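Here is the structure we will look at.
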Amino acid sequence: MSVVEIVDHPLIQHKISLLRDRNTGTKEFRDLVSEVAMLLCYEATRDLPTEEVEVETPIALARTKVLAGRKLALVPILRAGLGMVDGMLSMIPAAKVGHIGLYRDEETLKPVEYYCKLPSDIDEREVLVLDPMLATGGSASDAITQIKKRGAKHIKFIGLIAAPEGMKALHEAHPDVDIYVGTLDERLNDQGYIVPGLGDAGDRIFGTK
12 MSVVEIVDHP
22 LIQHKISLLR
32 DRNTGTKEFR
42 DLVSEVAMLL
52 CYEATRDLPT
62 EEVEVETPIA
72 LARTKVLAGR
82 KLALVPILRA
92 GLGMVDGMLS
102 MIPAAKVGHI
112 GLYRDEETLK
122 PVEYYCKLPS
132 DIDEREVLVL
142 DPMLATGGSA
152 SDAITQIKKR
162 GAKHIKFIGL
172 IAAPEGMKAL
182 HEAHPDVDIY
192 VGTLDERLND
202 QGYIVPGLGD
212 AGDRIFGTK
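My numbering puts the sequence shown at residues 12 to 220.
Okay, structure coming up:
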């Protein structure tokens, strides 16, 4: 049974409120996206397996736990997903990073793939797919389909803000994929943007509008 979780931690909600503000500048916006990604990473990796080891502290020997060596991969959906990578890597620095490039056709609102480069051992890794906005769900669903075609079996999606339509579409397309988002908004507008949302995440991260 897959997990669909709205991570309603107070710090996440506070930072998303700042992200929504149209007056938040590019640098602050970029920093906030990274910080929220870090907090979401904490929750999404809660089920990582651990093993017991013996460590010598300044006082005595301690039996304690470390990660049991599960391999991880981060796959941001270009370009907005890039804004989440640094925050995730600060938590799991050994993860490998792939990239998948999709853009949304302005007329059909369907995703079009233009780039995909993944770690060669992607079939052995737990994959965290990153995209700040889960709007129609088309890009996330298509990205995950492409990743599965290349052998990945354990995949989670992590986003900042979701629309109900996108959450439903992604869950129906990939019922085996866990979904973690910071908040669930009201709806999509006629242009496929999340309402109230925060605008175009890619433009705000990279200062291109």
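The C-beta atom is built at its ideal place from N, Cα and C for all residues, glycine as well.
Keep in mind it's a predicted model, so treat the numbers as computed, not measured.
List the DSSP bridge partners of Cys-127. Paired residues: Ile-111.
Counted within 10 angstroms of its Cβ, other Cβ atoms place Ser-13 as buried (16 or more) or exposed: Counting other Cβ atoms within 10 Å of its Cβ, Ser-13 stays below 16 and is therefore classed as exposed.
Locate the alpha helix (DSSP H) running through Lys-38, then write down its first and last residues. Segment 37–55, the alpha helix (DSSP H) holding Lys-38.
Taking three-plus beta-carbon pairs below 8 angstroms as touching, is the stretch 177–186 in contact with the stretch 101–120? No, the stretch 177–186 is not in contact with the stretch 101–120.
For Asn-34 and Ile-172, I'd like the C-alpha separation in whole angstroms. Using only the alpha carbons, I get a separation of about 18 angstroms.
With respect to the beta strand (DSSP E) encompassing His-165, which residues constitute its N-terminal and C-terminal limits? Per DSSP, His-165 belongs to the beta strand (DSSP E) from 165–173.
Between which two residues does the alpha helix (DSSP H) carrying Ile-216 extend? Looking at the DSSP string, the run of the alpha helix (DSSP H) that includes Ile-216 is 212–217.
Residue range of the unbroken alpha helix (DSSP H) whose run includes Gly-149: Judged by DSSP secondary structure, Gly-149 falls within the alpha helix (DSSP H) whose first and last residues are 149–160.
Just to confirm my understanding: we take Ala-184, look at its own chain, exclude 5 residues before and 5 after, and list those with CB closer than 6 angstroms. What are they? Same-chain partners within the cutoff: Ser-152.
Val-47 to Ile-103 span [Cα, whole Å]: Each residue's Cα considered, the two are about 15 angstroms apart.
Give the single residue among Thr-194, Ile-166 and Leu-195 whose Cα lies nearest to the Cα of Pro-186. Nearest C-alpha to Pro-186 among Thr-194, Ile-166 and Leu-195: Ile-166.
In this structure, does DSSP put Pro-60 in helix, strand or coil? DSSP places Pro-60 in coil when its eight states are reduced to three.
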